[in-house]
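Enquirer:
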Amino acid sequence: MTEDTNDISVLVREFWTLMGSNDFASVQAVLGEQFILEWPQSNERIRGAARFAQMNSEYPAQGPWRFSVNRVVANTVSEAVSDVTVTDGSMTARAVSFFSVEAGKITRIVEYWPESYAAPSNRAHLVERIE
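Per numbering that gives the first Met the number 0, the very first residue in the sequence shown carries number 0; after that it's consecutive.
#1: Alpha carbons only, please: which of A60, G103, V83 and G88 is nearest the one belonging to V72?
#2: I need the straight-line Cα distance from V68 to A118, nearest angstrom please.
#3: S81 lies in the alpha helix (DSSP H); which residues open and close that run?
#4: Suppose you measure from the CA of G31 to the CA of K104; what does that come to, to the nearest Å?
#5: Looking at the secondary structure, which residues open and close the beta strand (DSSP E) in which F66 lies?
#6: Out of F98, F51 and R65, which has the shortest C-alpha to C-alpha gap to S81?
#7: Look up I129 in the DSSP assignment and say whether it is helix, strand or coil.
#8: Should R65 be counted as a contact of the ligand ATP given a C-beta to heavy atom distance under 7 Å?
Here you go:
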């Protein structure tokens, strides 16, 4: 298969569609044999598609997970990044995920979950709120 940046974007969007099904075993279809997920903020690494599916199945939630893709950027034939809003109906978070792809499968995701925080008041006169 000849990959281009459009193929990578489609693959990343398919990943998030499968995640949104909450059938996390189904996500394994787009993951490579030696898949790795890394969360640098908590210094965690998950090896293997089956463990990734199990971790997501066991993750505590108040309801089904919903994923809204805000943006996918693919500038090469092997890498992409996504910005996704995640909610279980009770909490909402944002994930920025860096994808590595080989032979049409996602082989690695390095994912960051930034915390929201209140803007400092000393720059209020310079900014506008994002709603």
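All residues carry an ideal CB built from backbone N, CA and C; glycine is no exception.
In this text, all values refer to a predicted model and were calculated from it rather than measured experimentally.
Expert: Judging by the given coordinates:
#1: Selected option, being the one with the closest Cα: V83.
#2: When rounded, the distance between both Cα atoms is 24 Å.
#3: Here S81 belongs to no alpha helix (DSSP H); instead the beta strand (DSSP E) covers E78 to T86.
#4: Rounded to whole angstroms, G31 to K104 spans 5 Å at the Cα level.
#5: DSSP places F66 inside the beta strand (DSSP E), whose first and last residues are R65 to V72.
#6: For S81, the nearest C-alpha among the options comes from F98.
#7: I129 falls in the coil class under three-state DSSP.
#8: With respect to the ligand ATP, the structure shown offers nothing to examine, as it has no ligands at all.
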